[in-house]
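See structure below.
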Ligand code: ACO
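Residue numbers (UniProt numbering): 27 to 428.
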């Protein structure tokens, strides 16, 4: 293993590696990923095992503290989270300041950053580990509240307060969908599918938003500020927006008459820039292990809810055709996790521009674990170098001479 502290202060040749495709920014003991073999493990445990046997809060503890919690640790963790789901009443005033046109991701990152005002002690970079633990609990506890409230703001409905009798996923669903005037029962199949999705998104090593969280935190900015920055990084369509692109593509195919064969041909035509959204992956070159798991959950949810949606029928059609089409088979282009997550979110009635918010809720424990690891390893401030390509030295020209 590389000891980062021994590398401190060393400098040498500057490498240019746009997108950091071959540059490791850190060592990390959190997530192992092998794209060739389709392996994803959190702290050594396979994603398959965790998705089947664990739950999101247990996985959160595992990612953040490095081991599966004992019964006592788990109970204490869940109880603390449940106790902190309410947010300061003044958060509602901040929320009310946003027009309903505000994108929920912008609202989410603002509300998370605003926690620095309610918990100013979080700004102290020398806080004890117990105090850091409080920020961890507060963030995980309040994230579903912020997420659901960002949606309620958008649709102009009064917010729902958390229901602490529910589990993590069910509480979120209730805050999202309950209308105060009506009874609302959370369907356990739906809550279970959502919990699985959160597990599958919980960490993915040094992706754009995680690297952002680490770099912002490396300046000793607070955990809330760092995670808020991570939410903004995730917001971009090249990162968290892929599942939204899947549903938009399916909508387009539907509006065009639903002819999947025609769109498959477009995707294969090298003179046409169109690609089948939700197929292929930069890192996973055989299969996306998360997609296998979530496909099953998607099937369960669609069957249980008896969803009849032509857009989802198109998705099924594309999936079946692609899996037997030589073009896709030869290039190992399989549906990725975003293909199915978009389908599930749509079946659950989650609007398209909330998809990235769902991703952020899932990725939160990974961001926290990575922030904590970076601080505990006493990593230096992230400060990449550059190769300057601008003008050579030149004399200043006064305004009248330009
Ligand atoms: N539809 C049609 N053809 C495709 C697709 C696709 N979705 N993806 C790749 N190909 C083809 C390419 O045209 C190329 O063909 P060629 O060898 O004949 O030139 C071959 O497959 C290899 O593709 P690359 O672009 O080299 O693969 P790369 O690893 O660079 O791209 C990526 C991976 C970006 C995910 C790509 O597969 C893609 O654009 N997919 C659609 C978008 C998508 O679903 N993104 C979400 C990814 S998951 C996530 O980010 C969480």
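All C-beta atoms in this analysis are idealised placements derived from N, C-alpha and C, irrespective of residue type, glycine included.
Exercise. How many angstroms separate the CA atom of residue 115 from the CA atom of residue 123?
Worked result: 14 Å
For this session: Compute the Euclidean distance between the alpha carbons of residue 165 and residue 278, then round it to the nearest angstrom.
Result: 37 Å
For this session: Going by CA-CA distance only, name the one from 173, 94, 147 and 77 that's closest to residue 112.
Result: 173
Exercise. For residue 72, which of helix, strand or coil comes out of DSSP?
Worked result: strand
Exercise. Helix, strand or coil for residue 411 per DSSP?
Worked result: coil
For this session: Out of 403, 79, 408 and 215, point me to the one whose CA is closest to residue 55's CA.
Result: 403
Exercise. Is residue 66 helix, strand or coil by DSSP?
Worked result: strand
Problem set entry | Segment contact, 8 Å Cβ cut-off, at least three pairs: the segment 349 to 362 with the segment 47 to 62 | no
Problem set entry | Cβ-Cβ separation, residue 371 to residue 387 (assumed contact under 8 Å), whole Å | Not a contact, Cβ separation roughly 12 Å.
For this session: Starting from residue 59, follow the alpha helix (DSSP H) in both directions and report where the run begins and ends.
Result: Looking at the DSSP string, residue 59 is not in any alpha helix (DSSP H); the run it does join, the beta strand (DSSP E), is 57 to 60.
Exercise. For residue 305, does the three-state DSSP call read helix, strand or coil?
Worked result: strand
Problem set entry | Length of the line joining the Cα atoms of residue 41 and residue 408 | 15 Å
For this session: Please list, in chain order, all residues of the same chain as residue 307 whose beta carbon is under 6 Å from its beta carbon, the five residues on each side excluded.
Result: 314 and 362
Exercise. Buried or exposed: which applies to residue 130, given that a residue is buried once 16 or more other Cβ atoms fall within 10 Å of its Cβ?
Worked result: buried
Problem set entry | CB-CB length for residue 259 against residue 238, believed under 8 Å | 4 Å
Problem set entry | Exposed unless 16 or more other CB atoms sit within 10 angstroms - verdict on residue 291 | exposed
For this session: Take residue 213 and list the residues in its own chain whose beta-carbon comes closer than 8 Å to its own, dropping the five residues that flank it on each side.
Result: 330 and 331
For this session: Have a look at residue 100 and residue 289 and give me their C-alpha separation to the nearest angstrom.
Result: 48 Å
Problem set entry | Paired residues, beta bridge with residue 361 - DSSP | 305
Exercise. Where do the ends of the alpha helix (DSSP H) carrying residue 194 lie?
Worked result: 194 to 203
Exercise. DSSP on residue 340, reduced to helix/strand/coil?
Worked result: helix
For this session: Jot down the residue ranges of each uninterrupted alpha helix (DSSP H) in the segment 229 to 303, minimum 4 residues, whole runs only, in chain order.
Result: 234 to 244, 249 to 261, 268 to 281 and 286 to 294
Exercise. Are the CB atoms of residue 201 and residue 186 nearer to each other than 8 Å?
Worked result: yes
For this session: Tell me, to the nearest whole angstrom, how far the beta carbon of residue 140 is from that of residue 120; I am working on the premise that it is less than 8 Å.
Result: 6 Å
For this session: Assuming residue 257 and residue 378 form a contact by the criterion Cβ under 8 Å, report the distance between their Cβ atoms to the nearest whole angstrom.
Result: That belief does not hold up - the Cβ atoms of residue 257 and residue 378 are roughly 18 Å apart, past 8 Å.
For this session: Assuming residue 90 and residue 319 form a contact by the criterion Cβ under 8 Å, report the distance between their Cβ atoms to the nearest whole angstrom.
Result: So it is not a contact: roughly 22 Å between Cβ atoms.
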